[in-house]
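In what follows, a single structure is set out as structure tokens and then discussed.
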Amino acid sequence: MDQRSPLPAMLSGGDNIWIMDADGSKAKQLTKENFRLLNNAVWMPDGNAVVARKHFTSGRSLGAGEMWMYHIGAGEAGIQLTERKNDQQDVNEPSISPDGRYLYYSEDMYPGGFFQYNKDPNNQIYVINRYDFETGEIDRVTADLEELHAPRFPPMGKSLLS
């Protein structure tokens, strides 16, 4: 397993993803965004790429996100994995399955098609989606479950935490 850590850093414009050794040495900028913000980077299990959330802003401060994959050593251009449905409802919190086949992430699905500060906590706000790297298909994993977000896998990778 790669011992480097993908970290966001504020240099050269927007927040970018940097790769460095665990002790902070040998820092190398992976992305070169001038305006968009990149964060929440996670490694693919083979250590050859990272998936990160690219943040888009509009007429409000919180904006929306998309999931992008960046291959190590392939230059600064990433591969767009998801498309934002509007400029206000976000996707976030990427997590990769241990076998590297799936990307899990949370998505704001609150009714209305726009961000709201006064959401009803007794109704569903977030869902967990799964992106299949082999087919490019996206499936909803959490259907009717309430308030699930931040998908993570335990060390043995047999179940999904939220």
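Every number in my numbering is 18 more than the matching position in the sequence shown, counting from 1. Just so you know, even glycine gets a beta-carbon here, dropped at the ideal spot from N, CA and C. Here the structure is a predicted model, which is why all the values come from computation and not from measurement.
Problem - The beta strand (DSSP E) enclosing A82, as first and last residue numbers - result: 82-89
Handout entry: Alpha-carbon spacing of S115 relative to L121, whole angstroms
Key = 6 angstroms
Practice task
Specify whether the stretch 42-49 and the stretch 103-115 touch according to this definition: at least 3 beta carbon pairs, one from each stretch, less than 8 angstroms apart.
Solution key: no
Problem - Euclidean distance between Cα positions of D117 and P63 - result: 7 angstroms
Practice task
Use the C-beta contact count for T160: other C-beta atoms within 10 angstroms, 16 or more gives buried, fewer gives exposed.
Solution key: buried
Problem - CA-to-CA distance, T49 to I35, given in whole angstroms - result: 6 angstroms
Problem - Enclosing beta strand (DSSP E) for N34 [first to last residue] - result: 33-38
Exercise for the section: Under 7 angstroms Cβ to Cβ from A82, same chain only, skipping five residues before and after it: list those, please. Expected result: F74, R102, N104, D105, Q106, Q107, D108
Handout entry: heavy atom of the ligand NAD below 7 angstroms from R71 C-beta
Key = What this structure holds is no ligand at all, so the ligand NAD is not there to describe.
Exercise for the section: Can you say whether A92 is buried or exposed, counting buried as having 16 or more other CB atoms within 10 angstroms of its CB? Expected result: exposed
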